[in-house]
Every structure is written in C-alpha cells, then in structure tokens.
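Report on one structure; see the data block that follows.
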Amino acid sequence: MKVVTNMDTLYDVILLIDMDEVVNDAVEITQPYVKKGNRYLMYERVTDERLTSYKRFKGVTVLASKQYMRGADVSQKLFMQIFKDPEMKDQFDSVYPPTIEDPETGEQVERSQMFGKIA
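Residue numbering for the sequence shown follows our numbering, beginning at 2 and increasing consecutively.
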C-alpha cells in the first residue's frame, strides 16, 4: 500500500463495483458502501494513481470523481454529478434505489439520495 504524502493530489470518488466481474481481487471494499447482491457503491478518497487504476479495472465504474478540497462540500458535489447524468443515476439506483419497502407497513418510502456520513 502506498503511503499518502502532503504532496499527493487526493480525489473523492463514488465507484460502482461488480464483484462478479472484478479480476484477482483487484478491489478492496471499504466503508462507506452500500450493497445489492454482488454490486457495491463505494465512496472513497484516493490518490490520482489509484483513481487512474480504478478506471482500468474490469468490473469497476467511476460514477463520479472530484479533487478533494477541505471544506468544499465535495461529497454533495459528487452525488450531484451522478444525479445530473441519467445513465450514472440509473447505475446508482440499481444498487441504491430511491424508494424502499417499509418492513412494518409494506409501503414504498423515499430514502436519502446519499449514503455515508452525509446521508
């Protein structure tokens, strides 16, 4: 594992990972994430080098990425990138649908559009 230094440019990313397609355990699932079947949505802060490698991995789709800047609401901007692109939103919703069934009432209820600490 590479040690991150103050000289590294960091990016916040939201990834869609299909573990049925990932080769050789190339991706480690870390928190925060949501899961449906063998597909994961994962939010991670990575170096430029790691972001570049994710873009090459089979089974990994970078849904959104933005350079990390302290206090710049990067999380909200990342999710907004996804929500503004119908194709990315469809992929996002396939793992984290906008409505879920309430187990007590059986009714469909809306949930937060975002997951992780900002949800």
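In this text, a Cβ means the ideal position worked out from N, Cα and C, and glycines have one as well.
Quick caveat: nothing in here was measured; it's all calculated off a predicted structure.
Item, Value
"Which two residues bound the contiguous beta strand (DSSP E) that contains residue 13?", "11 to 19"
"Do the region 67 to 75 and the region 94 to 112 make contact, defined as three or more Cβ pairs closer than 8 Å?", "no"
"Report yes or no: do three or more beta-carbon pairs, one from the region 75 to 93 and one from the region 48 to 58, lie closer than 8 Å?", "no"
"Tell me whether residue 13 is buried or exposed, calling it buried when 16 or more other Cβ atoms sit within 10 Å of its Cβ.", "buried"
"What's the gap between the Cα of residue 92 and the Cα of residue 17?", "8 Å"
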